[in-house]
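**Student:** Residue numbers (the UniProt record's numbering): 1 to 247.
To start, I am sharing the structure in question, which I have written as structure tokens.
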Ligand code: IPE
Ligand code: IPE
Ligand code: MG
């Protein structure tokens, strides 16, 4: 399949550069706070405001799917008080934002092994997804306890179990089947991966999905990210020539 030629020139709804699916590694909250002599949680709080701004802008710019790296499978290595601050902010975010998200037609979904979170938070997350499941606007995929390696291991285990049970012939395992087993199944192919805060690494985010994504690294710290930053990233994306291995 030649995905390149199947790609629309402009995203539906007038997206600046035709990116259908954008993913963001939202990094730099701690450094934003440190620069202001504030506790790290203040950076995470401002990061939550940046999430609000970015979701609103992404919807208005006609992006179809926005995948946000909110908590990695490696972030459990952080001190317990920071993890608890992050979980508290996630609860607060859902409480405060779900009405507006729903009103704006946002469809919320989750990627990652989020079932490891506290049961009340899991219930709150699933309720938010269920409530917005019928919406047809921007899809926002929150990556929670997500790791690309973990996701691939879970797919491999699922396929191996199906093969052992006799319901899958290993010869039928191909790229499309793998795609359908990923947490991101059904989302458009990943076009653009943005990482804020000046780090140039993927940190285990969307390893499979990033195969032909355009990568954009910006020095902007996540709490400072806004509509103009997203527009700038989309404009940069629009100037890139994608070849998907062709010529
Ligand atoms: C990103 O900001 C938020 C999460 C990883 C949850 P950081 O907390 O990693 O901020 P820095 O990288 O220390 O500045
Ligand atoms: C990546 O940021 C994870 C999220 C943004 C949720 P990190 O701050 O955890 O990544 P590293 O440790 O600098 O690679
Ligand atoms: Mg970081």
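All residues carry an ideal CB built from backbone N, CA and C; glycine is no exception.
(1) Is the CB-CB distance between residue 132 and residue 101 below 8 angstroms?
(2) Could you have a look at residue 80 and say whether DSSP puts it in helix, strand or coil?
(3) Which residues mark the beginning and the end of the alpha helix (DSSP H) in which residue 48 is found?
(4) What does the alpha-carbon distance come out to for the pair residue 64 and residue 105?
(5) Curious, which full-length beta strand (DSSP E) runs of at least 3 residues does the region 122-176 contain?
(6) What number of angstroms, rounded off, separates the C-alpha of residue 82 from the C-alpha of residue 198?
(7) Please work out which residues of its chain come closer than 7 angstroms, Cβ to Cβ, to residue 227, disregarding the five sequence neighbours upstream and downstream, and give them in chain order.
(8) So, is the C-beta of residue 63 closer than 8 angstroms to a C-beta in chain B?
(9) Which whole-angstrom value describes the C-beta separation of residue 202 and residue 211, a residue pair presumed to lie in contact below a C-beta threshold of 8 angstroms?
(10) What is the rounded straight-line gap between the Cα of residue 39 and the Cα of residue 167?
(11) For residue 30, verify whether its CB is less than 7 angstroms away from any heavy atom of ligand 3.
(12) In the DSSP assignment, find the alpha helix (DSSP H) that holds residue 225 and state where it starts and stops.
**Tutor:** In brief:
(1) Residue mapping note: residue 132 aligns to position 132 of the chain shown, counting from 1. Residue mapping note: residue 101 aligns to position 101 of the chain shown, counting from 1. Yes, Cβ-Cβ distance for residue 132 and residue 101 is below 8 angstroms.
(2) Locating residue 80 in the chain shown gives position 80, where the first residue counts as 1. Residue 80 falls in the helix class under three-state DSSP.
(3) Residue numbering aside, residue 48 sits at position 48 when the chain shown is read from its first letter. Start and end: 40-60.
(4) What you label residue 64 is simply residue 64 of the chain shown in a count that begins at 1. What you label residue 105 is simply residue 105 of the chain shown in a count that begins at 1. One C-alpha to the other measures close to 12 angstroms.
(5) 139-146
(6) Translated into positions along the chain shown, residue 82 becomes position 82. Translated into positions along the chain shown, residue 198 becomes position 198. If you take the alpha carbons of residue 82 and residue 198, they lie about 22 angstroms apart.
(7) Counting from one through the chain shown, the residue named residue 227 turns up at place 227. Cβ within range, chain order: 53, 57.
(8) Of the chains in the structure shown, none is chain B; there is only one protein chain.
(9) For the purposes of this step, residue 202 is taken as the residue at position 202 of the chain shown. For the purposes of this step, residue 211 is taken as the residue at position 211 of the chain shown. 12 angstroms between Cβ atoms; not a contact.
(10) As a working mapping, residue 39 is identified with position 39 in the chain shown. As a working mapping, residue 167 is identified with position 167 in the chain shown. The straight-line gap from Cα to Cα measures roughly 53 angstroms.
(11) Counting from one through the chain shown, the residue named residue 30 turns up at place 30. Residue 30 Cβ: within cutoff of ligand 3.
(12) Your numbering for residue 225 matches position 225 in the chain shown. Per DSSP, residue 225 belongs to no alpha helix (DSSP H) and is neither H nor E.
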